[in-house]
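Here the sequence shown is numbered in the numbering used here, starting from 541 and rising by one per residue.
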Amino acid sequence: MKKSVLLIALSLISFYSLAQSDKPAAPAPALPYGESISLEAARKLVNAGHVFAAGKQWTVVIAIVDTGGNIVLLEKMDNTQVGSLDVALGRAKTANNFKRSSKVFEDAVAGGGIGLRVLSLPGAVAIEGGEPIIQNGKIIGGIVVSGMQSTQDEEVVKAALAVLK
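Listed below in structure tokens is the structure:
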């Protein structure tokens, strides 16, 4: 009797979890792409990010891509893990190419259920830390930081993007 009650309870919990994770993903923002970010503007973002990261004693890679997902600027601070180079580029392209924060994909995968289909999207990296670069209501590229915990990476991204305001 106790086993059947436990099985029913677990079934209900599983059903509830699946039902919650089957919420449709938010549609891509309607923001259009604008003229790609310039090297000068990319340097300002990277410099602001590095100043912030260095102040926290974090070692990171900062990547900026243009509206086509091509590298504009990629810099690795001394002693940053080498694997962060590829992770950074992937997340920057994700933010630009899908017009949204890479955290949206992380949250979808974490939610399970229908959100797991994110794992089949070519070029989508489901880790927080990548953001589209928006200026004058248009996406001009993508920025990402990699090297620390993803929440710390996102802090550096926000500090870098603050120079655009």
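Backbone N, C-alpha and C fix where the C-beta goes; we use that ideal spot for every residue, glycine too.
Since we're looking at a predicted model, the values are computed, not measured.
Membership of S686 in the beta strand (DSSP E) is indicated by the continuous run K678 to S686.
Taking the Cα positions, I683 is about 7 Å away from A635. Taken atom to atom, the span from the alpha-carbon of A588 to that of L704 is near 10 Å.
Fewer than three beta-carbon pairs drawn from the segment 693-700 and the segment 655-664 are found closer than 8 Å, and the two stretches are therefore not classed as touching. Taking each of L625, Q621, T620 and N619 in turn and checking the Cα distance to L613, the smallest one comes out for L625.
Residue burial annotation: E575 is exposed, with fewer than 16 other C-beta atoms found within 10 angstroms of its C-beta. Counting the other Cβ atoms within 10 Å of the Cβ of G677 gives fewer than 16, which makes it exposed. In the same chain as R631, and ignoring 5 residues on each side of it, the C-beta atoms closer than 7 Å to its own belong to S642, V665, I667, G669, G670, V684 and S686, in chain order.
According to the DSSP assignment, G595 belongs to the alpha helix (DSSP H) that extends over L579 to G595. E580 sits exposed, since fewer than 16 C-beta atoms from the chains shown fall within 10 Å of its C-beta. Take the alpha-carbon of D618 and the one of T599: they are about 7 Å apart. Counting only runs of 4+ residues, the alpha helix (DSSP H) found wholly inside the segment 617-697 occupies 624-637 and 642-651, in chain order. Each of G655, N610, G608 and E646 was checked against the Cα of T691, and the nearest Cα belongs to E646. In the DSSP assignment, A603 is bridged to L614 and V684. The beta carbon of T620 sits closer than 7 Å to those of T599, V600, V601 and G687, all from its chain and outside the five residues before and after it, given in chain order.
Contact between K633 and I679 is absent: CB atoms are separated by about 13 Å, not below the 8 Å threshold.
Between D606 and G681 the beta-carbon gap is near 5 Å, inside 8 Å, which marks them as a contact.
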